[in-house]
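Here's the structure we're looking at; comments come further down.
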Amino acid sequence: MLDPIVPPVVTRFRDPGTSEEFPRMDARLQEIFADVQAHAFEVFGWAFLVTCIFRTAQEDAALEGTGVHVVGRGIDIRTMDRPASQVAAITAYANGKFQYDFRRPSKPVAYSAPHGDGPHLHLQTCANTKLRAIIRSA
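Adding 38 to a residue's 1-based position in the sequence shown gives its number in the numbering used here.
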């Protein structure tokens, strides 16, 4: 088992409860989040604001979620204060570097199209999520 990753110092959280959830989320998601956050900060000076990690099954159903937040395999990052071009670039970076599931190749690790309860970048993992053998360019 991997050691839990401490969120990068540039990461901000919506509230203390969300901050406390970070160490309990999926280890693969922690690694992907840390990588994507570091890239966003290096390229755009973007310090992520995490708005959601865990949800109850009822909260997830009300938002028409897929269940990844219920089991700690989803994380939402605020985007409303970022240019659409930056959000698109970070989404493409994550999907170019990581594969969600080889059995479902069209399913992304990251998406930022309007969904849920407001504009945000959503990162997600499953048991088959991994680094791509050949990293696709954005």
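The beta-carbon is built from N, C-alpha and C at its ideal position, and this holds for glycine as well.
Of the choices the options, whose alpha-carbon is the least far from that of residue i?
| i | options | result |
| --- | --- | --- |
| Val109 | Asn133, Val88, Gln162 and Gln124 | Gln162 |
| Asp73 | Pro143, Ala171, Ala127 and Lys135 | Lys135 |
| Glu59 | Ala85, Phe79, Phe82 and Asp114 | Asp114 |
| His160 | Asn166, Phe92, Pro143 and Arg62 | Phe92 |
| Pro54 | Arg120, Cys90, Ser123 and Asn166 | Cys90 |
| Ala95 | Trp84, Ala85 and His107 | His107 |
| Ala76 | Tyr131, Met118 and Pro157 | Tyr131 |
| Gln124 | Ala65, Arg111, Asn166 and Phe79 | Phe79 |
| Arg142 | Arg66, Glu69 and Asn166 | Asn166 |
| Arg120 | Phe82, Met63, Gly105 and Asp139 | Phe82 |
By the DSSP assignment, the alpha helix (DSSP H) with residue i in it spans what residues?
| i | result |
| --- | --- |
| His160 | It is not in any alpha helix (DSSP H) - His160 instead sits in the beta strand (DSSP E) that spans His158 to Gln162. |
| Ile128 | Ala122 to Lys135 |
If you reduce the DSSP assignment to three classes, tell me which class residue i lands in.
| i | result |
| --- | --- |
| Thr88 | For the record, residue 88 in the displayed sequence is Val; it is not Thr. Val88: strand per DSSP, three-state reduction. |
| Leu67 | helix |
| Met39 | Legend: pLDDT at Met39 = 42, less than 50; position of this residue unreliable, value from coordinates given subsequently. It is coil, neither helix nor strand. |
| Ala100 | helix |
| Arg62 | helix |
| Ala165 | coil |
| Val48 | coil |
| Ala171 | coil |
| Ala148 | strand |
| Gly105 | coil |
| Asp73 | helix |
Taking 6 Å as the limit between beta carbons, can you name the residues of its chain near residue i, skipping five residues before and five after?
| i | result |
| --- | --- |
| Leu51 | Residue identity differs from the one stated: residue 51 is Phe in this sequence, not Leu. Excluding sequence neighbours, Phe51 sits near Ser57 and Val88. |
| Phe86 | Thr49, Gln75 and Ile115 |
| Gln63 | The question names Gln, yet the displayed sequence has Met at residue 63. Only Ile91 and Gly110 meet the Cβ criterion. |
Sorted by chain position, which residues of the same chain lie with C-beta nearer than 7 Å to residue i's C-beta, five sequence neighbours on each side aside?
| i | result |
| --- | --- |
| Arg174 | Gly134 |
| Met71 | The sequence as given places Phe at residue 71; Met does not occur at that position. So the list reads Ile113 and Leu161, once near-sequence residues are dropped. |
| Cys164 | Arg111, Tyr138 and Asp139 |
| Lys145 | Tyr138 and Asp139 |
Please go through the same chain and pick out, in chain order, the residues whose beta-carbon is closer than 8 Å to the beta-carbon of residue i, but skip the five residues on each side of it.
| i | result |
| --- | --- |
| Arg170 | Gly134, Lys135, Phe136 and Gln137 |
If you follow the beta strand (DSSP E) that residue i is part of, which residue opens it and which one closes it?
| i | result |
| --- | --- |
| Asp114 | Gly112 to Arg116 |
Q) If you pair each beta-carbon of the segment 143-151 with each one of the segment 86-101, do three or more pairs fall below 8 Å? A) no
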